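Heads up: the sequence shown begins at 199 in our numbering, then just goes up one per residue.
The next block holds one structure in the form of structure tokens; read it before the comments.
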Amino acid sequence: MQIVVKKFGGTSLANVDSIHHVANVIQQSQQKHPACVVVVSAMAGTTNNLQYWCDELSGSLGPNPDRDMVLSSGEMVTAGLLSIALQARGVPARAWTGWQVPIVTNEDWGRCDGVFTGSSALVSDLSSGVVPVVCGFQGVTPGGRITTLGRGGSDTTAVILAAALKAEVCEIFTDVQGVYTADPAYVPAARSYGDVSYEAMLTLSQFGAKVLHANAIIWAKNHGIPLHVLSTAKPDQSGTWIRENAQQVCGVVYKPVLSWRMSSLPDQEQEMMGVSIIDRSVSAKGLHFLTWVDDYHQVKSQWPDAACSDPKMLVSLIGNSSSSAQYALRNPPKIPIEHCVQQPGVLGVMVEQKHVYDMIQHVHTHLV
Ligand code: ADP
Ligand code: ASP
Ligand code: MG
199 MQIVVKKFGG TSLANVDSIH HVANVIQQSQ QKHPACVVVV SAMAGTTNNL
249 QYWCDELSGS LGPNPDRDMV LSSGEMVTAG LLSIALQARG VPARAWTGWQ
299 VPIVTNEDWG RCDGVFTGSS ALVSDLSSGV VPVVCGFQGV TPGGRITTLG
349 RGGSDTTAVI LAAALKAEVC EIFTDVQGVY TADPAYVPAA RSYGDVSYEA
399 MLTLSQFGAK VLHANAIIWA KNHGIPLHVL STAKPDQSGT WIRENAQQVC
449 GVVYKPVLSW RMSSLPDQEQ EMMGVSIIDR SVSAKGLHFL TWVDDYHQVK
499 SQWPDAACSD PKMLVSLIGN SSSSAQYALR NPPKIPIEHC VQQPGVLGVM
549 VEQKHVYDMI QHVHTHLV
């Protein structure tokens with residue numbers, strides 16, 4: 199059985215009309231892909247609302263299992279509704295939660311990763327001609343607590359299932375026509391790639407290309423699953439492939455960062471659990487390091503005395519960028535650069551958040 203996993207994001211399921219459209223897209227693909235597993239996100243905006251309510255009530259409480267339970271709830275609505283819409287078209291379908299499948303994860307609340315996936319229930323649906331519609335973003339601990347895979351994590355659900363089912367492809371349907379040289383929402387001149395290697399896509403995602411969840415790319419690479427990013431509105435367009443031996447690309451991305459300072463110098467060898475240190479330096483005042491804003495609670499729980507700045511934006515050139523693009527990044531007109539980060543295949547500069555769109559548009563004009 200040639201299995202295809204199709205994942206639909208929140209903007210593709212934002213209301214009843216959009217759900218009708220997605221049901222039509224799935225129905226029309228039935229002849230080509232009879233064995234299809236569907237993964238859904240919550241309606242656009244829903245998880246943000248749930249997160250806002252948690253933030254209002256939780257004070258300084260960090261990651262918390264009950265927060266995961268609240269955040270996970272949006273996907274149950276869309277999975278149920280899409281399954282109903284398919285049934286109403288005569289397409290046999292059944293909705294599944296992440297913990298029914300089950301997608302078993304670790305206990306890294308709010309940003310868990312999968313450790314095991316059951317797939318027998320889905321295979322049994324597929325064998326009897328039923329389309330399983332699975333809630334993205336959700337998992338369960340071995341002890342039975344509901345977990346979530348991190349914001350944007352429905353992509354990862356889709357790839358975890360594609361790997362377990364040995365699917366031929368994992369299709370990611372979204373509100374743009376593929377992966378672009380820059381966020382097309384802010385850079386109208388951005389160009390879409392035909393294909394991108396796993397490595398390049400992972401770096402693009404880690405440094406801010408929200409179109410794909412970074413863990414999804416790691417799973418896809420480790421299990422050899424090709425990803426195909428497609429537009430829900432125009433599913434017949436060619437989209438972008440992410441796979442082995444694809445072209446090396448160059449893009450400009452942005453993501454919020456925090457700059458930290460610790461006055462007493464900890465053992466340099468001590469690594470912070472679950473924190474990506476983007477850059478570090480030592481001065482007379484102590485150890486300075488840069489992390490993603492998303493890692494705030496992980497740093498605070500391990501180093502309560504660490505002091506952080508207001509969030510800033512790291513604007514990064516990814517890939518083999520031209521010297522003119524690098525010069526443009528380092529010397530933007532009238533925009534103060536606060537820090538520069540250099541890693542293999544990445545050149546980033548830290549700027550005030552208010553400058554980000556001017557920055558990416560300026561740098562993008564110098565991309566070849
Ligand atoms: P979904 O709801 O389908 O999961 P997301 O909002 O998570 O969609 O991701 C799609 C969005 O990613 C696009 O609307 C686009 O604005 C943004 N994006 C950021 N960088 C890129 C990029 N390099 N290529 C394509 N889209 C990008
Ligand atoms: N609904 C979750 C979020 O908004 C998961 C996802 O959309 O992939 O982050
Ligand atoms: Mg997404």
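In this text, a Cβ means the ideal position worked out from N, Cα and C, and glycines have one as well.
All values derive from a computational prediction rather than experimental measurement.
- Judged by their CB atoms, residue 400 and residue 416 are nearer to each other than the 8 Å cut-off.
- The three-state secondary structure of residue 292, taken from DSSP, is strand.
- Short note on residue 381: C-beta not closer than 7 Å to any heavy atom of the ligand MG.
- Cα atoms of residue 200 and residue 365: separation of roughly 7 Å, rounded to the nearest angstrom.
- In terms of Cα proximity to residue 369, the closest of 564, 387, 409, 397 is 409.
- Short of 7 Å from the beta carbon of residue 518, and not among the five residues preceding or following it, lie these beta carbons of its own chain, in chain order: 446, 448.
- Contact between the segment 221 to 241 and the segment 298 to 308 is absent: fewer than 3 CB-CB pairs across the two stretches fall below 8 Å.
- Taking C-alpha positions only, residue 560 is separated from residue 529 by approximately 10 Å.
- Counting along the chain, residue 250 sits inside the alpha helix (DSSP H) bounded by residues 244 to 256.
- Look at residue 417 here: in three-state DSSP terms it is helix.
- The three-state reading of DSSP puts residue 397 in helix, counting H, G and I together.
- If the five residues before and after residue 395 are omitted, its C-beta is found closer than 6 Å to the C-beta atoms of 444, all from its own chain and listed in chain order.
- With a threshold of 16 other beta carbon atoms within 10 Å, residue 540 falls short and is exposed.
- Along the segment 529 to 560, the beta strand (DSSP E) occurs as fully enclosed runs of 3 or more residues at 537 to 541, 544 to 549, listed in sequence order.
- Among the bridge pairs identified by DSSP, residue 440 is matched with 394, 425.
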